[in-house]
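By the count of the working numbering, the sequence shown reaches residue 231 at its end, each step adding exactly one. Virtual Cβ for every residue (Gly too), placed ideally from N, Cα, C. Encoded as structure tokens, the structure appears first; notes follow it.
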Amino acid sequence: MRICLKLSGEAFANSQGFGFDTKKVLSLIDQIKKLIKKKHEIIIICGAGNIFRGRERKEFEIGRYRADQMGMLSTLVNALFLEQLFLKAKQPVKILNSFENRFVEKYRVEKALEYLKKERVIICSGGLGHPYFTTDSLAALRARELRADKVLKATNVDGVYDKDPKKSKAAKRFSTLTFSKALSLELNIMDLSAFALLKEGNIEICVFDLFQKNAIIDAVEKSKGTTIKGV
Numbered sequence: 001m002r003i004c005l006k007l008s009g010e011a012f013a014n015s016q017g018f019g020f021d022t023k024k025v026l027s028l029i030d031q032i033k034k035l036i037k038k039k040h041e042i043i044i045i046c047g048a049g050n051i052f053r054g055r056e057r058k059e060f061e062i063g064r065y066r067a068d069q070m071g072m073l074s075t076l077v078n079a080l081f082l083e084q085l086f087l088k089a090k091q092p093v094k095i096l097n098s099f100e101n102r103f104v105e106k107y108r109v110e111k112a113l114e115y116l117k118k119e120r121v122i123i124c125s126g127g128l129g130h131p132y133f134t135t136d137s138l139a140a141l142r143a144r145e146l147r148a149d150k151v152l153k154a155t156n157v158d159g160v161y162d163k164d165p166k167k168s169k170a171a172k173r174f175s176t177l178t179f180s181k182a183l184s185l186e187l188n189i190m191d192l193s194a195f196a197l198l199k200e201g202n203i204e205i206c207v208f209d210l211f212q213k214n215a216i217i218d219a220v221e222k223s224k225g226t227t228i229k230g231v
């Protein structure tokens, strides 16, 4: 199975919510290595909230255009950190960035597919290379381009709820949803353009809690969390 794993900056962050937690990230890498041994192919999309967050844009009065550029560069920093830990774990890996730079290779569909066949983990950074797009959009586009079977959206909640489970004890968790049902309920699983792209491509989404034991493996093999599939 070809899997597109979308990691937010929280996946990298330390207990204060910023910077890096090497031990935490190595645990994720260990799970990914086990999936690769089972012949799964992995594409990782990096967020950047551990380095730069949207709310800081307003706090420091940074324009949206420049703030998005800062976010894109921050995803590359996370990708470089992740690459080094994969190499430490003796797992072949390749960073493909959306825009030209002197540090890593520029993303091209053909090269990404070639690396996947060689059992390399692909790390996609740089967002879409343009402001006003989210990393959800990057995950959806790369999943379509690279013909992924499933998109895993890693969060800090064990699935999709009808209400915020952190605010309401009456919140109900969905085990499965169709794309149409998720849209009609306005559940905000992803931004609408990303969600529409995956719906059109009929690519399954699994929303899961990254911080549970063996969370990535269970999301792949047991669809643990909430699965969105079907029209």
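- Under a 10 Å Cβ-count criterion, L96 is classified as buried, with 16 or more other Cβ atoms of the shown protein chains found around its own Cβ.
- Burial of T155 is indicated by the presence of at least 16 other C-beta atoms within 10 angstroms of its C-beta.
- The count of Cβ pairs closer than 8 Å, one atom from the segment 10-30 and one from the segment 133-151, stays below three, leaving the stretches out of contact.
- Sequence-distant partners of P92 (beyond 5 residues in either direction) whose C-beta falls short of 6 Å from its own C-beta, in its chain, are R120.
- DSSP places A48 outside both helix and strand once states are collapsed to three, so it counts as coil.
- Apart from the 5 residues on each side of it in sequence, S180 sits with its Cβ closer than 7 Å to the Cβ of V231 in its chain, given in chain order.
- Contact between the segment 122-131 and the segment 156-171 is absent: fewer than 3 CB-CB pairs across the two stretches fall below 8 Å.
- Our two residues, I45 and S168, have alpha carbons roughly 31 Å apart in a direct line.
- In the DSSP assignment, T155 is bridged to D209.
- Assignment of K34 by DSSP, reduced to helix, strand and coil, places it in the helix class.
- A direct Cα-to-Cα measurement between R142 and L210 gives close to 21 Å.
- Non-local C-beta neighbours of A171 in its own chain, meaning closer than 8 Å and more than five positions away in sequence, comprise Y161, D162, K163, D164 and P165, ordered along the chain.
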